[in-house]
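Novice: Read the sequence shown against full-length UniProt numbering and you will find it ends at 645, with the numbers running on by one and no gaps. Here a beta-carbon is modelled for each residue, glycine too, at the ideal position from N, C-alpha and C. Note that the structure is a prediction, hence the values are computed from the model and not measured. The structure that follows is given in the form of structure tokens.
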Amino acid sequence: MSETISDPTLVPELTNWQESAVRLYQRIDKVMSVILMGLMGAMSVLIIYQVFTRYVLGNASGTSQELLIYSMIWMAFLGSAVCFGKGMHLSLPLFYDKCTEKNQNYITAVNSLLVIILAVMMIVGGVDAVAKNASFTTPMMQVSMSVLQSILWLSGGFIILQQVGRLIEIVGFNTHLAFSLLKAATTLFVIGFAYSTFQASETYEYLVDEHLEVFSTIVLFAVFFLLLGLNLPIAVGLAYSGLIAMSLQIDADMLVMTSSEKLFSGLESFGFLALPFFILAGNLMNQGGIARRLIDLALLLGRRIPGALWQSNVVANMLFGCLSGSGIAASTAIGGVISPMAKEKGYDMSVSTAINAASAPTGMMIPPTGVFIIYSMITSGAASIAALFLAGYIPGLMMGLSVMVAAYFYAKRLGYTSDAEPQPRNVILNTIWKTVPSLTMIVVIIGGILTGVFTAIEAGGIAVLYSLILSICYKSLTWSSLAKTLRDSALTSAVILFLISCSGLMSWSMTFASIPDTIGELLITVSENKIVILLLMNITLLIVGIFMDMAPALLIFTPIFYPVAISLGVDPVQFGVIIVYNLCMGLITPPVGTVLFVSCSVTGQKITSIIKPLLPIFLLQFIGLMLITYFPIFTMGLPTLFGIN
């Protein structure tokens, strides 16, 4: 592997013009970073202004709402282009890591060409959309849609630039790069030629005319999992699988023109705005030194139970996870502090790692959390965000309590005692007082949504404002750290938003070809029993969670299983909790459990050493999954109590 091009001094063999290209690339990256920080900051100001106009002036600003939507879309596309250059897009490197360097270079070249082809399609379709929609303007701002949709061809150009830079960074600017590109281009040409030949055959016509639904289903998933195995970014794999499945029914020219507009319109919803705001609020909370205060509270609450440090770890992960909305952030921030303490006190580090990993995702179940927002948007609001937030509390606590139960028995078996030493009252009160401001955010956000003071989307803006004020009060935020937080939040949001946008192409093709109906019929052929079908869906989602991160799994499998679940009489809110609970468990299951890997890296333990202590916890959490699947009271109890559905 060659050294990164981010530092020209590491690549002395570059010629003058190549060094100039590197410097130009760096300048573009800096400019893009400034633009993304500006967009994220402006959106934060606008959403707070939106709340102010609605509830103080009594007249919501429609102009600010439009500005927010299109600022988010521009941030998503520009940010996704930057992420292509930094390798930040989610992928699944199962086979890639096992390949030789030569084969990795070849696969990288294939992936880069596929990304560039998609970018070219965005440019072509974007230019067509600009020309076609020049006469249309937005209702409030009266801005031409051609101006707004120009982001399609702009971001397409940036994606090509960034992808070329990424390719040079990985392979190196040498003959290996040229050979890998030539080999990759030849492979894609042969595959394209073979596919076009197959399209002209009688077999193809028969499959399309007589078995369109089944054939589309096979093509869609075969293409997707093939591209996934190549380590192609999941978002791009979703786009290609949807496009190729749609090519069974739509001409290529029309498909290219329509697909770009679908990418744009896939994000044209006010509801998606909650996602970047909760991500920014979580990052601000992470920056604000909240973890240490929550750990002190957790140590206070869990000290009377055997294995006090383990119990405190679980409580702290639950508290911090629901504030940050990230299992990875919780396992890192909390585990990074608890683990050295556990090692010093002689705790079994394999069990400690398993407990930290298993409890970290609980915060993604306990609101406010962005995962439920994504699910609500996928279901077109059939499951309200407020109802999902309420429904997640009990299952989230069940997931955390299952880890605490396992920790208790591990502690009893290993002879760990509780902390019986009394704490001075002033220490207790001081510890509680330090955490009250942080935990108050949960009360403010959830209380505001339930009482109708602000919407779930506006709650994201309130969370940003609250987190910012808290960080300033804690004196933990500088201008440089704020700029970095805005940039990182914009890039993280862009990855997920671009994933959502590309998944729209897949959902479009699935709906067009009635693929969910086909899969539903297939499940019914296995059994018509509701209990059996729900069990099959749960097992499938658990297996999916082993190999796939939460966001893409949610975007892919919700449109497939959701219609089946609804036809069985499952409430949309309950099914949302079921699918999120499943995928939270997937975050701690090898070989691709991201939270599991992070927890192991924090403690230095090998994955093989924590599988054994993890299995009883996993079994208890699976029992919890069965309870929320077959007993709606665990999910629907709180929404029903508050009259929200």
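In whole angstroms, what is the alpha-carbon distance linking THR258 and VAL351?
Specialist: Going by the C-alpha atoms only, they are around 52 Å apart.
Novice: Just to confirm before moving on: does the CB-CB distance between LEU181 and ALA109 stay below 8 Å?
Specialist: The answer is yes: Cβ separation under 8 Å.
Novice: Determine the direct distance from the alpha carbon of VAL115 to that of ILE160, and round the result to whole angstroms.
Specialist: Distance between the alpha carbons of ILE160 and VAL115: 8 Å.
Novice: Please return the same chain residues whose Cβ sits closer than 6 Å to the Cβ of MET1, not counting the five positions on each side in sequence.
Specialist: At MET1 the pLDDT is 33, less than 50, meaning the model places this residue with poor confidence and gives no usable figure here.
Novice: Under three-state DSSP, which class holds THR137?
Specialist: In the structure shown, THR137 sits in a strand (DSSP, three-state: E or B).
Novice: May I ask which residues mark the beginning and end of the alpha helix (DSSP H) holding VAL371?
Specialist: That run of the alpha helix (DSSP H) goes 370 to 378.
Novice: Alpha carbon to alpha carbon, how far is TYR204 from LEU401? Give it in angstroms, no decimals.
Specialist: In a straight line, the C-alpha of LEU401 is about 54 Å away from that of TYR204.
Novice: From the DSSP output, in three-state form, read off SER384 for me.
Specialist: Of the three classes helix, strand and coil, the one that applies to SER384 here is coil, per DSSP.
Novice: With a CB to CB cut of under 6 Å and the five nearest residues on each side skipped, what residues in its chain are close to PHE158?
Specialist: ALA81.
Novice: Name the residue from VAL580, GLU528, LEU536 and TRP508 whose alpha carbon lies nearest to the alpha carbon of SER216.
Specialist: Per the Cα distances, TRP508.
Novice: Would you mind reading off the limits of the alpha helix (DSSP H) that contains VAL115?
Specialist: Here the alpha helix (DSSP H) through VAL115 covers 101 to 132.
Novice: Just curious, the alpha helix (DSSP H) that MET257 is in, first and last residue?
Specialist: Note, MET257: alpha helix (DSSP H), 252 to 265.
Novice: Taking a contact to mean a Cβ-Cβ separation below 8 Å, would you say MET441 touches LEU323 in this structure?
Specialist: Yes. Within cutoff.
Novice: Buried or exposed: which applies to SER201, given that a residue is buried once 16 or more other Cβ atoms fall within 10 Å of its Cβ?
Specialist: So SER201 counts as exposed.
Novice: Would you report the Cα separation of LEU319 and ILE472, rounded to the nearest angstrom?
Specialist: Roughly 21 Å separates the two Cα atoms.
Novice: Less than 8 Å between the beta carbons of LEU583 and LYS262, yes or no?
Specialist: For LEU583 and LYS262, no; Cβs fall outside 8 Å.
Novice: Going by beta carbon distance, what residues of the same chain come within less than 7 Å of THR431, once the five residues before and after it are set aside?
Specialist: Closer than 7 Å at Cβ, skipping near neighbours: ASP296, LEU297 and LEU300.
Novice: Determine whether the beta carbon atoms of MET122 and TRP74 lie at a separation below 8 Å.
Specialist: No, these two residues do not count as a Cβ contact at 8 Å.
Novice: What do you get for TYR195, buried or exposed, if any count of 16 or more other CB atoms within 10 angstroms of its CB means buried?
Specialist: It counts as exposed.
Novice: Do the CB positions of TYR375 and THR640 come within less than 8 Å of each other?
Specialist: Their beta carbons are not under 8 Å apart, which means TYR375 does not touch THR640 by this criterion.
Novice: Under the DSSP definition of a beta bridge, which residues are partnered with SER144?
Specialist: Bridge partners of SER144: THR137.
Novice: How about ILE394 and PHE642: do their beta carbons lie closer than 8 Å?
Specialist: No; because the gap between Cβ atoms is not below 8 Å, this pair is not in contact.
Novice: Quick check on DSSP: helix, strand or coil for ASP296?
Specialist: Helix.
Novice: Looking at the structure shown, is ILE428 part of a helix, part of a strand, or coil, going by DSSP?
Specialist: Helix.
Novice: Could you tell me the alpha carbon to alpha carbon distance between PHE561 and THR478, rounded to whole angstroms?
Specialist: Straight-line Cα distance between these residues: approximately 46 Å.
Novice: Which residues in the same chain have their Cβ closer than 8 Å to the Cβ of GLU213, if we skip the five residues on either side of it in sequence?
Specialist: Same-chain partners within the cutoff: ALA513, SER514, ILE515, ASP517 and THR518.
Novice: Can you have a look at GLN50 and say buried or exposed, based on whether 16 or more other CB atoms are within 10 angstroms of its CB?
Specialist: Flag for GLN50 reads buried.
Novice: Look up GLN162 in the DSSP assignment and say whether it is helix, strand or coil.
Specialist: In the structure shown, GLN162 sits in a helix (DSSP, three-state: H, G or I).
Novice: Write down every uninterrupted run of the alpha helix (DSSP H) in the segment 284 to 368 whose length is 4 residues or greater and which is fully enclosed by it, in chain order.
Specialist: As far as the segment 284 to 368 is concerned, its whole alpha helix (DSSP H) runs of at least 4 residues are 290 to 302, 308 to 324, 327 to 344 and 349 to 359.
Novice: Quick one: what does DSSP say HIS89 is sitting in, helix, strand or coil?
Specialist: If DSSP states are grouped into helix, strand and coil, HIS89 belongs with coil.
Novice: Use the C-beta contact count for TRP433: other C-beta atoms within 10 angstroms, 16 or more gives buried, fewer gives exposed.
Specialist: Exposed, since its Cβ has fewer than 16 Cβ neighbours within 10 Å.
Novice: With H, G and I counted as helix, E and B as strand and the rest as coil, what does DSSP make of GLY569?
Specialist: It is coil, neither helix nor strand.
Novice: By how many angstroms is the C-alpha of LEU232 removed from the C-alpha of ILE469?
Specialist: Cα-Cα distance, rounded: 40 Å.
Novice: For ALA42, which residues of its own chain have a beta-carbon under 7 Å away from its beta-carbon, when the five flanking residues on both sides are left out?
Specialist: SER71.
Novice: Terminal residues of the continuous alpha helix (DSSP H) containing TYR474?
Specialist: First-last for TYR474: undefined, no H or E at that position.
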